[in-house]
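Below is one structure, written out as structure tokens, with a few remarks after it.
Residue numbers (the working numbering): 51 to 305.
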């Protein structure tokens with residue numbers, strides 16, 4: 051399997067200042083409006099669809115849970131360096147799972163350790179999660195990294211803490227301090243700062259909620275987007291800083 055190229059940060063740092071606002075990114079475009087405001091909003095929606103593939107995030111973590119991480123399956127290539135017990139907990143060292151998803155795309159999932167709680171077998175603590183998934187694009191990959199995770203198989207939830215990073219080979223990246231995933235509902239939420247950047251611009255917000263079924267992403271709190279005209283991340287001129295939201299919201303909330 052070719053080495054994914056999305057592991058390193060790319061582009062410029064996100065702006066440190068922010069405007070108050072709210073954004074909801076999905077399939078639709080706002081009704082009414084024209085001129086520069088509508089053009090900026092259109093570019094912003096296109097930018098966000100590439101920058102924050104919520105469905106891909108849910109897919110990544112769903113693979114980690116339902117790929118048979120603790121249940122051996124002949125269809126999976128599962129390796130690990132060692133199995134040990136620590137305070138009666140089952141601990142797997144350097145677990146690695148690889149295979150093909152239902153679309154036939156290869157994936158690989160790794161962690162430093164996976165520890166199953168002996169008193170609460172439904173709880174599994176994961177350390178230094180690293181996942182790679184092939185995308186539709188030629189030589190395209192998505193890479194997800196997380197420092198820690200607590201998986202609850204009964205509630206079908208996964209809490210990612212400390213640091214969550216998503217990279218693509220197209221040069222886009224997304225970062226969060228933490229994220230809560232609900233597999234039953236197909237949602238990803240973060241009530242802490244989130245930020246991202248790529249060839250088309252940068253974005254930051256105070257919180258995020260994504261729904262896989264509706265393919266929508268909602269940003270709340272202080273939301274700020276900077277769009278590079280022509281998608282040139284290296285351009286220092288003519289940067290278009292856009293308040294996240296509809297054109298009316300942009301004009302109303304800008305400071």
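C-beta: ideal position from N, C-alpha, C; glycine also.
Inset, instruction - With a threshold of 16 other CB atoms inside 10 Å of the CB of residue 260, please say whether the residue is buried or exposed. - result: So residue 260 counts as buried.
Legend entry - Beta-carbon gap between residue 188 and residue 213 smaller than 8 Å: In this structure, residue 188 lies away from residue 213, with their beta-carbon atoms at least 8 Å apart.
Legend entry - Coil, strand or helix - residue 249 by DSSP: Note: residue 249 maps to coil in three-state DSSP.
Inset, instruction - Can you say whether residue 171 is buried or exposed, counting buried as having 16 or more other CB atoms within 10 angstroms of its CB? - result: It counts as exposed.
Legend entry - Cβ-based burial, residue 208 [other Cβ within 10 Å; buried from 16]: When all chains shown are included, residue 208 counts as buried.
Legend entry - residue 176 and residue 199 closer than 8 Å at C-beta: Contact flag set, yes.
Inset, instruction - Give the secondary structure of residue 156 by DSSP, where H, G and I count as helix, E and B as strand, and everything else as coil. - result: Strand at residue 156.
Legend entry - Spatial distance of residue 203 from residue 220 (CA atoms): Spanning the alpha carbons of residue 203 and residue 220 requires a straight line of approximately 33 Å.
Inset, instruction - Would you mind stating whether residue 206 and residue 230 have Cβ atoms separated by less than 8 Å? - result: No, these two residues do not count as a Cβ contact at 8 Å.
Inset, instruction - Give the single residue among 141, 211 and 258 whose Cα lies nearest to the Cα of residue 179. - result: The residue with the shortest Cα to Cα distance from residue 179 is 211.
Legend entry - residue 149 - partner residues in DSSP beta bridges: DSSP lists 157 as partners of residue 149.
Legend entry - Counted within 10 angstroms of its Cβ, other Cβ atoms place residue 24 as buried (16 or more) or exposed: Nothing in the structure corresponds to residue 24, since the chain is present only between 51 and 305.
Inset, instruction - Look at the Cβ atom of residue 160, then the Cβ atom of residue 146, and state whether they are nearer than 8 Å. - result: Cβ atoms of residue 160 and residue 146: closer than 8 Å.
Legend entry - Own chain partners of residue 215 with C-beta closer than 6 Å, once the 5 adjacent residues on each side are dropped: Hits under 6 Å: 195 and 225.
Legend entry - Nearest-angstrom beta carbon gap, residue 251 and residue 276 [assumed within contact, 8 Å]: Their Cβ separation, rounded to whole angstroms, is 5 Å, which keeps residue 276 and residue 251 in contact under 8 Å.
Legend entry - Closest by C-alpha distance to residue 270, when choosing among 254, 264, 279 and 164: For the set 254, 264, 279 and 164, the Cα lying nearest the Cα of residue 270 is the one of 254.
Legend entry - Residues of its chain near residue 239, where Cβ-Cβ distance is below 6 Å and the 5 sequence neighbours each way are ignored: Hits under 6 Å: 230 and 259.
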